[in-house]
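Worksheet: one structure, shown below.
Residue numbers (my numbering), protein chains in the order written: chain S, 18 to 327; chain Z, 18 to 327.
Printed below as a string of structure tokens:
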């Protein structure tokens, strides 16, 4: 089954087009977790990474039955070097074991032979002698296509071979995304030119719901642009960052969905994984060991907020 | 001292504007190396990674006095997961110990808070409690600025704090780079728009030779575009991929240098690190243990080829 169909089925089952951004920072993690690892490993990247993994597992345990997917942001782990990347890989593995779709937010990009190496790592397999290894556990990854189709084709080949998917950056959620993305080419902005390429790359991957396994990243913070992209990219599923902490509202991102209420999955990171730090969620848990109940409630609240508008 | 001045001094000392692309593939590595590790670790990513590191050290030992810099391509290591990334880190450390400037070809990109995490990893430091750690050993890294200045500012902050540099993708060497990069905005191509941003980002980093620590990636395979970029980016140093195996010729890339013969460093990967597999270099070494003498000769030949045209 195409991975996009699996994702949409999971969204329908949970009734929740929310993806939990697993982008932990040390200050989000309750002290009972961090102190344990600082005691054991000192104030080291290893302790930080172990605490992040423990934290993520708690979050995953508490949300895995009510959301379809998680999106770990690899930069937050790469920051801590090899130890951090080990925690990243184990986070992805654990989420997959718990039945979640894993969207690796890696935004990799390069020319063809190099993109092939990235794709071997993140979607496909690496080969040593006759043996094959999957070093990372991803269902989808995000990619940056500034280099054009040469850098995308190797990922498409692995999407085909291993039933995987990608989300290509079209219009990102950050304030200055327009510096390049909004430039006009004969009246058409670059993000729309990128959108047309993404539609084309997805042609061979369209599934039973009419969407392809080649999706696009479209920020919730730019509703006008998202509306336009929804019109010109009818077969492209959107991964929508920017909800909540970055300022994107449910009303704004409703345009990312089609008339049947499908077509997008909305990410929230801080709003969910750091919910236990907000006054609004203090009553969800009595003890720091239950902090992730706040994340669970935040997922339910986000679901209700999104469904109100879709 | 600004890192760009250190790089230009090293180029002047060696008389060689060549950067050795350390992008190993298993089939480049002599069997006496790979077999040793397969015997010890089986056909595993660990064996592959150990062989790559050994191979790189041999190359570095044989070229470190005649080239200014190396550019390991992280994708080639990431392909082998954690083991590969360990080999990447050790390769960078070893090259730095041998006095080489290390350009990490990582092409990372993201929104601001995430770009900050990447920059902590690759140029700056990560913090755990009061402790600080440098997880990767880089003087420069390559970055992709499709997301605009939000994703670049954190790297600039670390360039300032730690005397580091970046090379931002402007016009890449791959055949289809024009799909986005050549689109015209009121007659000006996107790569030139990107070039103007890069010049601006580099304003505060201009050193004694008139070039800044914020450089640009400009492919040798597109001489017309490179010529134009040299004119409109007078303070921007170019990292030039595409020489040799990708088809770029010394005559074509002379336009990347200014009238004083500075302004660019030219990458070759396969042409140097796989030189021992070419008939032309068979006479450089008598025994597989000396295979890297071919790489040394290839660096000298490349120097002569470039200096003929600059």
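Ideal placement from N, C-alpha and C gives every residue a C-beta, glycine not left out. Note that the structure is predicted; figures quoted are calculated from it, not measured.
Asked, Found
"Within 8 Å, strictly: CB atoms of residue 154 (chain S) and residue 113 (chain S)", "yes"
"Cβ pair residue 124 (chain Z), residue 161 (chain Z) closer than 8 Å", "yes"
"Cβ pair residue 191 (chain Z), residue 164 (chain S) closer than 8 Å", "yes"
"CB of residue 188 (chain Z) within 8 Å of CB of residue 243 (chain Z), strictly", "yes"
"Any 3 or more C-beta pairs closer than 8 Å across the region 19-30 of chain Z and the region 94-103 of chain Z", "no"
"Residue nearest to residue 80 (chain Z) in terms of C-alpha spacing, selected from Z:116, Z:66, Z:129", "Z:116"
"Beta-carbon proximity check, residue 183 (chain S) vs residue 197 (chain S), cutoff 8 Å", "no"
"Short Cβ contact (8 Å threshold) for residue 216 (chain Z) with residue 171 (chain Z)", "no"
"Residues near residue 302 (chain S) by beta carbon distance below 7 Å, same chain, minus five either side", "293, 308, 310, 311"
"Residue 199 (chain S) versus residue 258 (chain S): straight-line alpha-carbon distance, rounded", "18 Å"
"Chain Z contacts from the region 173-200 of chain S (Cβ-Cβ distance under 8 Å)", "186, 189, 190, 191, 192, 193, 194, 195, 196, 197, 198, 200"
"Contact belief for residue 326 (chain Z) with residue 268 (chain Z) at Cβ below 8 Å, rounded distance in angstroms", "5 Å"
"Three-state class that DSSP yields for residue 284 (chain Z) in the structure shown", "strand"
"Test item: CB-CB of residue 205 (chain S) and residue 229 (chain S) under 8 Å", "no"
"Sequence-distant residues of its chain with Cβ nearer than 6 Å to residue 367 (chain Z) (five each side left out)", "This structure gives no information on residue 367 (chain Z), because the portion of chain Z shown stretches from 18 to 327."
"Residues, ordered as in the chain, of the region 143-156 of chain S that lie near chain Z by beta-carbon distance below 9 Å", "143, 144, 145, 146, 147, 148, 150, 151, 152, 153"
"DSSP beta-bridge partners of residue 328 (chain Z)", "As shown, chain Z starts at 18 and ends at 327. That puts residue 328 (chain Z) outside it, with no answer to give."
"Anticipated Cβ contact below 8 Å, residue 277 (chain S) with residue 60 (chain Z), distance rounded", "With a Cβ gap of about 48 Å, residue 277 (chain S) and residue 60 (chain Z) do not count as contacting."
"Cβ-Cβ separation, residue 180 (chain S) to residue 24 (chain S) (assumed contact under 8 Å), whole Å", "Their Cβ separation, rounded to whole angstroms, is 11 Å, which puts residue 24 (chain S) and residue 180 (chain S) out of contact at 8 Å."
"Check whether residue 65 (chain Z) and residue 145 (chain S) have beta carbons under 8 Å apart", "yes"
"C-beta contact flag for residue 286 (chain Z) and residue 82 (chain Z) at 8 Å", "no"
"Option nearest residue 38 (chain S) by Cα separation, candidates S:314, S:296, S:289", "S:289"
"Beta carbon proximity, residue 104 (chain Z) to chain S, threshold 8 Å", "no"
"7 Å Cβ cut-off: residues of chain S touching residue 161 (chain Z)", "126, 161, 163"
"Residue 220 (chain Z): contacting residues in chain S (beta-carbon distance under 7 Å)", "The premise fails here: residue 220 (chain Z) is roughly 16 Å from chain S at the closest Cβ pair, so nothing lies under 7 Å."
"Reduced DSSP category for residue 20 (chain Z) - H, G, I as helix; E, B as strand; rest coil", "helix"
"Cutoff 8 Å: residue 289 (chain Z) Cβ touching any chain S Cβ", "no"
"Other residues of its chain near residue 211 (chain S): CB distance less than 6 Å, five sequence neighbours each side excluded", "187"
"Any C-beta of chain Z under 8 Å from that of residue 129 (chain S)", "yes"
"Residue 89 (chain S) burial status per 10 Å Cβ neighbour count (16 or more: buried)", "buried"
"Under the three-state DSSP convention, the category residue 190 (chain S) falls into", "coil"
"Own chain, CB closer than 7 Å to residue 50 (chain S), minus 5 neighbours either side, in chain order", "68, 71, 72"
"Proximity winner among S:195, S:139, S:201, S:214, relative to residue 109 (chain S) (alpha-carbon distances)", "S:139"
"Where the region 81-108 of chain Z meets chain S: residues whose CB sits under 8 Å from a CB there", "90, 92, 93, 95, 96, 97, 98, 99, 101, 102, 103, 106"
"Backbone CA spacing between residue 77 (chain Z) and residue 53 (chain Z) [nearest angstrom]", "20 Å"
"Unbroken beta strand (DSSP E) run spanning residue 86 (chain Z), endpoints", "86-89"
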